[in-house]
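Novice: Have a look at this one before I ask anything.
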Amino acid sequence: MESLPELLSATARNFPNKGIGFVNPDRSVSFITFPELELKALSMLAGMQDKGLRKGDVVILSLEKSEEIIPVLWGCFVGGIVPALLQPPVTFTEYNPAAEKTEKVFKLLGNPHVILSHDHAGNWRSSHIPVDLLIDVAGLAGKAETVLRAHLVPGDLALIQFSSGSTGDPKGVMLSHLNILTNTSDIIKGIALEPDDVSVNWMPLYHDMGLIGFHITPVIVGVTQFFIDPVDFVKNPSIWLDIMSLKKCTITACPNFGQLLVTRYLGRKAAQDWDLSQVRILFNGAEPISVATMKAFLTGLKPFNLNPVAMFPAYGLAEATLAVTFPDRLKEAEIKGFRRSDLIGRGLAIEARNEDSNLIELVNLGRSLDHCRVMVADGHHKAVEEGVVGHVLVTGENITGGYYHNPEFSASAFTGTWLMTGDLGFLHNGDLFITGRSKDVIFINGINYYAHDLETIALKSGQLANGKMVIAGYFDESEGRDKLLVFLVGSGNQATRDLCTEMKNHFSSVIGLNVDIFIAIRSGDIPRTSSGKIQRYKLVDRYLKGDFSTIKTSPSVSD
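In numbering that gives the first Met the number 0, the protein residues as written are 0 to 558.
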């Protein structure tokens with residue numbers, strides 16, 4: 000098969016009683032079969048064609064609920080219309096990252112039509128997006144029998160996936176039908192996905208894990224899937240546990256951010272009688288994966304029969320459609336310790352001995368999928384030896400051809416056919432380990448420090464709660480050096496000042512590093528991508544603009 004619509008039609012024929020369940024906050028489920036989905040998609044396409052949309056046109060989907068998004072999405076695929084899924088803005092009247100992103104994307108895409116939820120249609124107040132380009136999804140349905148199905152070939156553009164933007168403005172990743180079919184085929188093989196599997200997902204559909212991993216891939220196999228609204232999960236993580244237990248879920252996902260929410264929930268609420276014994280794959284794809292968070296999560300769910308083998312750390316990115324490397328699905332996630340002095344100071348991955356206390360724990364992310372290759376390279380794009388930290392590059396039929404309307408950035412992102420991911424890592428016994436994002440490296444006293452590793456060191460002082468601190472760096476032009484910033488949730492009271500002094504001493508004694516500035520923030524100030532990754536650069540920008548106050552501390556023992 001050469002296109003996504005052909006696969007949906009085949010699934011509708013072969014699995015007429017299977018489909019998609021949309022979970023309501025009260026745990027009730029609205030269910031649609033695959034044949035019903037195909038019919039709804041044709042109706043949505045008829046409505047879009049009535050509005051003048053044709054093959055090759057781009058359209059923004061700013062829809063709130065999965066049950067709104069999915070039929071419109073498939074209608075676009077059938078008609079060759081190219082969708083770009085975005086998080087819908089709550090309001091345009093105050094600072095709102097989703098609203099700002101929508102307006103930027105609208106301009107980048109050449110002022111396309113925007114299909115939006117009925118509940119938002121009356122509140123849309125953007126001065127940048129004309130009203131005549133807005134389409135209320137509630138009035139979109141047309142006559143399915145009138146649709147014009149597009150003739151599609153594998154190289155046709157299928158969708159524009161906007162990267163989550165953990166280190167800068169998001170870019171429009173162009174994905175063809177071939178890209179998607181290649182990667183989904185590899186995912187299916189890598190996790191041995193079968194029609195009898197059941198997936199449960201709370202990741203948003205405007206993120207590649209939710210869209211590719213938990214919608215398009217299960218549709219291809221005929222897997223029944225259940226969607227939980229991300230907002231409902233964040234408010235009450237037990238809804239995810241409830242549905243997994245009730246529906247005998249076998250495939251799900253939960254990156255660092257979600258694991259933290261679940262662990263906190265279990266720590267403050269009475270446990271339910273959940274049975275998670277059927278779960279065989281639990282994707283953990285936020286890189287670099289937090290070992291401490293993963294361990295606490297598995298410990299918290301052990302009483303509910305979650306098999307630790309289910310924890311499935313993987314590596315991927317939007318530019319690769321979704322997945323790049325998978326570990327052995329029949330083994331527990333492997334955590335290895337590497338000597339910090341060698342990894343940080345020399346860029347060499349040397350396994351720590353049992354007696355080594357100052358080590359960095361990293362998670363094995365496995366090997367590349369069948370149609371994708373990984374290379375770890377130096378600054379000249381030449382492959383380095385195993386055990387040497389370098390830049391992670393990927394190539395294959397699942398890799399994007401570039402970024403929409405951004406030829407300069409597209410050219411700079413590739414060296415030949417190899418895409419530069421922006422991640423740093425190394426190969427160890429043929430397996431990939433990620434050490435961090437190149438833009439999250441803080442260069443102090445001739446040494447490269449990884450922001451997430453410094454956060455791990457701070458947490459080991461025992462005085463901080465996970466998720467209540469962010470470490471970042473910035474280059475101070477006036478002093479000609481990188482400065483280390485620690486953002487702490489709290490106020491500048493005496494208890495917080497004492498905590499900062501203790502942390503300062505801890506950093507000094509453990510790795511001989513001095514913290515330059517402590518900054519007080521609120522929990523809501525921590526910006527995250529749609530998958531929960533922290534956007535450190537946004538915190539730094541706000542600090543430099545004077546949005547936050549610093550916390551005065553006592554001198555450390557080394558001052």
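Glycine included, each C-beta is placed from N, C-alpha and C at the ideal position.
Quick one: give me the first and last residue of the alpha helix (DSSP H) that Met47 is part of.
Specialist: Phe33 to Asp49
Novice: Return yes when the Cβ of Ile68 is within less than 9 Å of the Cβ of Ala83, no when it is not.
Specialist: no
Novice: By alpha-carbon positions, which one of Glu501, Ser507, Asn363 and Val485 ends up nearest to Ile525?
Specialist: Val485
Novice: Between which two residues does the beta strand (DSSP E) holding Pro576 run?
Specialist: Residue 576 cannot be examined here, being either before or after the span of the chain that is shown, 0 to 558.
Novice: Strictly by DSSP, which residues pair up with Arg527?
Specialist: Ile533
Novice: Terminal residues of the continuous alpha helix (DSSP H) containing Gly344?
Specialist: Arg339 to Gly344
Novice: Looking at the unbroken alpha helix (DSSP H) that takes in Glu360, where does it start and where does it end?
Specialist: Per DSSP, Glu360 belongs to no alpha helix (DSSP H); it is in the beta strand (DSSP E), Leu358 to Val362.
Novice: DSSP on Lys551, reduced to helix/strand/coil?
Specialist: coil
Novice: Using CA coordinates, which residue listed in His214, Arg527, Met208 and Asp540 is at the minimum distance from Leu6?
Specialist: His214
Novice: What does Lys335 pair with, by DSSP beta-bridge criteria?
Specialist: Leu361
Novice: If you count every other CB in all the chains shown that lies within 10 Å of the CB of Ser126, and 16 or more means buried, which is it?
Specialist: Residue environment: Ser126 is assigned as exposed (fewer than 16 neighbouring CB atoms within 10 Å of its CB, all protein chains considered).
Novice: At the level of alpha carbons, what is the spacing between Ile550 and Leu297?
Specialist: 35 Å
Novice: Helix, strand or coil: how does DSSP classify Ala450 here?
Specialist: helix
Novice: Which residues does DSSP pair with His404 in a beta bridge?
Specialist: Its beta-bridge partners do not exist; DSSP assigns none.
Novice: If we ignore side chains and look at the alpha-carbon of each, how far apart do Gly299 and Leu156 end up?
Specialist: 43 Å
Novice: Excluding the 5 residues preceding and the 5 following Phe337 in the sequence, name in chain order all residues of the same chain whose CB lies nearer than 7 Å to its CB.
Specialist: Ala348, Ile349, Glu350, Ala351, Leu358, Ile359 and Leu361
Novice: Taking 9 Å as the cut-off, decide whether the C-beta atoms of Ala319 and Ile398 are in contact.
Specialist: yes
Novice: List in chain order: all unbroken alpha helix (DSSP H) runs of 4+ residues lying wholly within the region 166 to 218.
Specialist: Along the length of the region 166 to 218, whole alpha helix (DSSP H) runs at least 4 residues long occupy 176 to 189, reported in chain order.
Novice: How is Lys234 classed by DSSP in three states: helix, strand or coil?
Specialist: DSSP places Lys234 within a helical segment (H, G or I) once states are collapsed to three.
Novice: Considering only C-alpha positions, which residue in the set Asp231, Leu108 and Ala291 is nearest to Ile159?
Specialist: Leu108
Novice: What does the Cβ neighbour count give for Glu193, buried or exposed, with the cut at 16 atoms within 10 Å?
Specialist: By the 16-neighbour rule on beta-carbons within 10 angstroms, Glu193 is exposed.
Novice: Along the beta strand (DSSP E) that carries Gln258, what are the first and last residues, could you check?
Specialist: Premise fails: Gln258 lies in the alpha helix (DSSP H), Asn255 to Arg267, not in any beta strand (DSSP E).
Novice: To the nearest angstrom, report how far apart Gly189 and Ala313 are at their CA atoms.
Specialist: 11 Å
Novice: Just the Cα atoms here: how many angstroms apart are Ala450 and Gly121?
Specialist: 43 Å
Novice: How about Phe33 and Phe21: do their beta carbons lie closer than 9 Å?
Specialist: no
Novice: Excluding the 5 residues preceding and the 5 following Gly466 in the sequence, name in chain order all residues of the same chain whose CB lies nearer than 6 Å to its CB.
Specialist: Leu259
Novice: If you drop the 5 nearest sequence neighbours on each side, which residues of the same chain put their C-beta closer than 7 Å to that of Ala209?
Specialist: Per the sequence shown, the amino acid found at residue 209 is Gly instead of Ala. Here the set comprises Asn200, Met202 and Pro203.
Novice: Looking at C-beta atoms only, is the number of pairs between the region 472 to 490 and the region 434 to 442 that lie closer than 8 Å three or more?
Specialist: yes
Novice: Does the Cβ-Cβ distance between Asp207 and Leu41 come in under 9 Å?
Specialist: no
Novice: Bridge partners of Pro312, per DSSP?
Specialist: DSSP output for Pro312 lists Asn283 as bridge partner(s).
Novice: Restricting to Cα atoms, I'd like to know which of Asp430, Lys301 and Leu316 is closest to Ala309.
Specialist: Of the listed residues, the one whose Cα sits closest to Ala309 is Lys301.
Novice: Starting from Ile19, follow its DSSP beta bridges and name the residues at the other end.
Specialist: Partner residues in the beta bridge of Ile19, as assigned by DSSP, are Ile31 and Gln224.
Novice: Can you tell me which of the three DSSP states Gly604 falls into?
Specialist: Past the edges of the chain, shown from 0 to 558, lies residue 604, and the structure says nothing about it.
Novice: How would you write the range of the beta strand (DSSP E) that Ala376 sits in, first residue to last?
Specialist: Cys371 to Ala376
Novice: Count the other CB atoms within 10 Å of the CB of Asp228; is the residue buried (16 or more) or exposed (fewer)?
Specialist: buried
Novice: Taking C-beta to C-beta, are Arg436 and Leu423 nearer than 9 Å?
Specialist: yes
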